[in-house]
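A.B. asks: Dropping a structure here in structure tokens format, bear with me for questions.
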Ligand code: ZN
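In my numbering, the protein residues as written are 1 to 199.
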């Protein structure tokens, strides 16, 4: 029903298309936005437009960045001999928050899921294999989630890498099954990293 006129309705409709935003939250957000100072609304829309326009994948690790290389890949302090493979940039952020991991990452942007029709070529796996040919990597740490998809992906990657002679390890379980890495506290993440086992 159109109680507020078409402009307000359009705003509510657009907001409700965002993930996790239901009809009620969309309405609440819309009311909040129209009460904000115009300047703040402009800042918000500008931040969204700019981010959408300039954020792309890092040429090396596929993390999100607005440069050719992300800040982690371009840092001289990171150890290029270790690559931690994660499903998405939020998992990378979770490990970065621990402040204890000094290697590089590779972001797959998904996981293999035969049930959902997501195969190896639908995630950034070819990019990882190319990196292993070019870079001097001693260990690949697979830190995909402990869900069925995450485990399937881990097994697939380890089988691909094994013949190259590069060490492949998997973060320890202890990370709850089906748990998204980003929701797990830092201590658990560190324990999982330290207790990783060779595949
Ligand atoms: Zn990068």
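Glycine included, every Cβ here is placed at the ideal spot set by N, Cα and C.
When the Cα of residue 163 is compared with those of 150, 153, 132 and 192, which residue comes out closest?
C.D. replies: If we check each option's Cα against that of residue 163, 132 comes out closest.
A.B. asks: Would a C-beta distance cut-off of 8 angstroms place residue 149 and residue 192 closer than the cut-off?
C.D. replies: no
A.B. asks: For a test of your reading of the model: does the CB of residue 88 fall under 7 angstroms from any non-hydrogen atom of ligand 1? Yes or no.
C.D. replies: For residue 88, the Cβ stays outside the 7 angstroms cut-off from all heavy atoms of ligand 1.
A.B. asks: Would you mind reading off the limits of the alpha helix (DSSP H) that contains residue 15?
C.D. replies: 6 to 15
A.B. asks: Leaving out five residues before and five after residue 196 in sequence, what residues of the same chain have Cβ atoms less than 7 angstroms from its Cβ?
C.D. replies: Cβ neighbours of residue 196 beyond the five flanking positions: 141, 169, 170, 171 and 172.
A.B. asks: Can you grab the Cα-Cα spacing for the pair residue 177 / residue 145, in whole Å?
C.D. replies: Annotation note: pLDDT 48 at residue 177 (below 50); position unreliable, coordinate value reported separately. Straight-line Cα distance between these residues: approximately 8 angstroms.
A.B. asks: Secondary structure at residue 150, three-state DSSP: helix, strand or coil?
C.D. replies: helix
A.B. asks: With a CB to CB cut of under 8 angstroms and the five nearest residues on each side skipped, what residues in its chain are close to residue 160?
C.D. replies: 125 and 129
A.B. asks: Comparing alpha-carbon positions, which option in 33, 54 and 103 lies nearest residue 76?
C.D. replies: 103
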